[in-house]
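Novice: At position 153 of the sequence shown the residue is numbered 153 (UniProt numbering), and the sequence of numbers has no breaks. Cβ coordinates follow ideal geometry from the N, Cα and C atoms, glycine included.
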Amino acid sequence: MAGNNFGEVFRITTFGESHGGAVGVVVDGVTPGVDISEEDIQKELDRRKPGQSSVTTPRKEPDRAHLLSGIFQGKTTGTPLLVILYNSDADPSAYDDIKDLFRPGHADYTYLKKYGLRDWRGSGRASGRETAGRVAAGAIAKKILASRGISATAYTRASAGITCRTYQPDEIEKNPLRACDPEAAGEMLRKISAIQETQDSVGGIIECRLQGVPAGLGEPVFDKLDAELARAMLSIGSVKGIEFGAGFAAAAMTGSEHNDEMTPAGFSTNHAGGIIGGISTGEEIIFRVAVKPTSSIARPQQTVDTGGTARTIRTEGRHDACICPRIVPVIEAMAAIVLLDHLKRQTALHSPA
1 MAGNNFGEVF RITTFGESHG GAVGVVVDGV TPGVDISEED IQKELDRRKP
51 GQSSVTTPRK EPDRAHLLSG IFQGKTTGTP LLVILYNSDA DPSAYDDIKD
101 LFRPGHADYT YLKKYGLRDW RGSGRASGRE TAGRVAAGAI AKKILASRGI
151 SATAYTRASA GITCRTYQPD EIEKNPLRAC DPEAAGEMLR KISAIQETQD
201 SVGGIIECRL QGVPAGLGEP VFDKLDAELA RAMLSIGSVK GIEFGAGFAA
251 AAMTGSEHND EMTPAGFSTN HAGGIIGGIS TGEEIIFRVA VKPTSSIARP
301 QQTVDTGGTA RTIRTEGRHD ACICPRIVPV IEAMAAIVLL DHLKRQTALH
351 SPA
């Protein structure tokens, strides 16, 4: 199985399955001498772990980070870091009755066609649990970026047909939706709870702001910064689309409306979302991703079994009614990984041979 690695200089490799022994990540390209602790990583993992609210899965995984290499006396050594999270609440028996059925919206059918076999225990490698390793790696990237004044802030902008009307960053971690508008968050929660009662689920839109990013990051033509961020976001299983700055609204604008004019004080607008020609402008980078509704729902749906016979399926178990609040730290993590990788590539570009 290829495709488990991401990044060029700051490089990660995730491993593990949802109901296997563990999940985790190997992180290479970390500068030596950086203060990194398990607590630094745990803070981010706690934001992603299950069981945080009524709209997320009740699976009880402590997601305790164990740093097994690359650290000596509290500092990175420059060698690969291995972070492992042991699965303690796996319950593959919940899938016994449907292991021969293809769940709508899941990768069951496509994995079987690609590999000739599949891990039916909660989607195996295709499970959202794989993102725990990404968040662990992202915690390392975020700490290094913070020392350079660079930050990533993601939040739920819309869900269940309700859109935030204000941006209040201090409110994001104070509500179960991780929405930037507390009033809208309450409306979302009520709507999602009502939909949850009908054995259904919802998706939403996550917005992310990258601040403090210097101008000049990005590698034209194929490794443009927006292209790399898009690849990072679309590699997350629940993400189905992405836009930067004005995004799709740019299609209805004129050139004079969309162009970000420049003054001696800088750009007068930021319709480009902080990236022009695939290279950061020094302005705030803003992008939004579309998150699909959680595929695992208890409502009866039509499918077929591995023999091609028509069947009815109900995906019982412990699932998120809305994945948005738990995907927020994953979005931040992948954005941080891309930024740190490109920051290191830019540093190498200007280093004397």
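For the segment 218-260, list the alpha helix (DSSP H) runs that are entirely contained and at least 4 residues long, ordered along the chain.
Specialist: Those alpha helix (DSSP H) runs which fall completely within the segment 218-260 and span 4+ residues are 225-234 and 255-258.
Novice: Please report how far the alpha carbon of PHE6 lies from the alpha carbon of THR13, in whole angstroms.
Specialist: Computed Cα separation, rounded: 7 Å.
Novice: Please state if the CB of GLN199 and the CB of CYS180 are separated by a distance shorter than 8 Å.
Specialist: It is not a contact, given that the beta carbons lie outside the stated cut-off.
Novice: Out of curiosity, what's the CA-to-CA distance linking ILE36 and PHE267?
Specialist: Rounded to the nearest angstrom, the two C-alpha atoms are 37 Å apart.
Novice: Compute the Euclidean distance between the alpha carbons of ARG165 and ALA184, then round it to the nearest angstrom.
Specialist: One C-alpha to the other measures close to 7 Å.
Novice: Contact defined as beta carbons within less than 8 Å: I believe ASP260 pairs with ALA272. What is the distance between those atoms, to the nearest angstrom?
Specialist: Right, the Cβ-Cβ distance comes to about 5 Å (below 8 Å), so this counts as a contact.
Novice: Starting from residue 372, trace the alpha helix (DSSP H) both ways and give me its first and last residue.
Specialist: No statement about residue 372 is possible, as the shown extent of the chain runs from 1 to 353 and does not include it.
Novice: Helix, strand or coil for MET262, going by three-state DSSP, please let me know.
Specialist: DSSP places MET262 in strand when its eight states are reduced to three.
Novice: Going by the beta-carbon positions, is the gap between PRO293 and GLY203 smaller than 8 Å?
Specialist: Taking 8 Å as the Cβ cut-off, PRO293 and GLY203 qualify as a contacting pair.
Novice: Could you name the residues of the same chain whose beta carbon sits closer than 6 Å to that of GLU187, not counting the 5 residues immediately before and after it, in chain order?
Specialist: The residues are ILE162.
Novice: Short of 6 Å in beta carbon distance, which residues of its chain neighbour ARG125, apart from the five on each side in sequence? Order them along the chain.
Specialist: Within the same chain, ARG125 has close Cβ partners GLU17.
Novice: Hey, would you say VAL34 sits closer than 8 Å to PRO80, going by beta carbons?
Specialist: It is not a contact, given that the beta carbons lie outside the stated cut-off.
Novice: By how many angstroms is the C-alpha of GLY78 removed from the C-alpha of SER69?
Specialist: Roughly 10 Å between the two C-alpha positions.
Novice: Beta-carbon within less than 6 Å of ILE192's beta-carbon, same chain only, minus the 5 sequence neighbours each way: which residues are those?
Specialist: Hits under 6 Å: VAL55, ALA160, VAL202, ALA321 and CYS322.
Novice: For HIS19, count the other beta carbons within 10 Å of its own beta carbon; 16 or more makes it buried, fewer makes it exposed. Which is it?
Specialist: So HIS19 ends up on the buried side.
Novice: Please classify THR315 as buried or exposed, where buried requires at least 16 other C-beta atoms within 10 Å of its C-beta.
Specialist: Burial call: buried.
Novice: Assuming GLN168 is part of the alpha helix (DSSP H), what are its boundary residues?
Specialist: Where GLN168 is concerned, there is no enclosing alpha helix (DSSP H), given that its DSSP letter is neither H nor E.
Novice: Just the C-alpha distance for PHE102 and PRO325, rounded to the nearest angstrom, thanks.
Specialist: Distance between the alpha carbons of PHE102 and PRO325: 27 Å.
Novice: Just to confirm the assignment, what range does the alpha helix (DSSP H) spanning GLN42 have?
Specialist: Its alpha helix (DSSP H) spans residues 38-48.
Novice: Give the straight-line distance between the Cα atoms of THR330 and THR281, rounded to the nearest whole angstrom.
Specialist: Position check: residue 330 holds Val in this sequence, whereas Thr was assumed. Cα to Cα, VAL330 sits roughly 24 Å from THR281.
Novice: Taking just the CA atoms, how far does THR263 sit from ARG64?
Specialist: Cα to Cα, ARG64 sits roughly 50 Å from THR263.
Novice: With distance defined between alpha-carbon atoms, name the residue in GLU283, MET253 and GLY277 nearest to ALA265.
Specialist: It is GLU283.
Novice: Taking the beta strand (DSSP E) that GLY204 falls in, what are its first and last residues?
Specialist: Note, GLY204: beta strand (DSSP E), 204-211.
Novice: Evaluate the contact criterion for the segment 97-111 versus the segment 302-313: three or more CB pairs, one atom per stretch, below 8 Å.
Specialist: Contact holds: three or more Cβ-Cβ distances are below 8 Å.
Novice: Starting from ALA194, follow the beta strand (DSSP E) in both directions and report where the run begins and ends.
Specialist: It is not in any beta strand (DSSP E) - ALA194 instead sits in the alpha helix (DSSP H) that spans 182-197.
Novice: Whole angstroms is fine: what's the gap from HIS258's alpha carbon to GLY274's?
Specialist: Rounded to the nearest angstrom, the two C-alpha atoms are 13 Å apart.
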